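Taken in order, the sequence shown gives residues 67 to 137; the numbers are from the numbering used here.
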Amino acid sequence: MEQVEEVGNWLTSNMALFFVPAGVALMTNFDLLADYWWQLLVITFITTIIMMVSVGKIVQFIKLKTRGDKE
Numbered sequence: 067m068e069q070v071e072e073v074g075n076w077l078t079s080n081m082a083l084f085f086v087p088a089g090v091a092l093m094t095n096f097d098l099l100a101d102y103w104w105q106l107l108v109i110t111f112i113t114t115i116i117m118m119v120s121v122g123k124i125v126q127f128i129k130l131k132t133r134g135d136k137e
């Protein structure tokens, strides 16, 4: 934990530095995004569900595999 604490603190304290370029890009392309906002919303919703299901299945598989190895 001590090995990653310093880097983790640095990343969280400089988080704005990482999000400013993305925010500026969104603002400069707002007219383009305004035409396709509903498609982006649907894609975001679908991919979020797919990722949640995928991660859940992978975690279940790993837990079952490691539990079976210990017995």
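All C-beta atoms in this analysis are idealised placements derived from N, C-alpha and C, irrespective of residue type, glycine included. Values in this document were obtained by computation on a predicted structure and should not be read as measured data.
Whether residue i touches residue j by CB criterion (8 angstroms)
i	j	result
L99	L92	yes
Sequence-distant residues of its chain with Cβ nearer than 7 angstroms to residue i (five each side left out)
i	result
W103	none
Rounded straight-line distance, which links the Cα of residue j to that of residue i
i	j	result
V119	M81	28 angstroms
S79	M67	18 angstroms
L130	D101	46 angstroms
Beta-carbon contacts of residue i that lie in its chain and below 6 angstroms, excluding the five residues immediately before and after
i	result
I124	none
Span of the alpha helix (DSSP H) around residue i
i	result
N75	68-79
Short CB-CB distance (under 8 angstroms) between residue i and chain B
i	result
G89	No chain B is part of this structure, which consists of one protein chain only.
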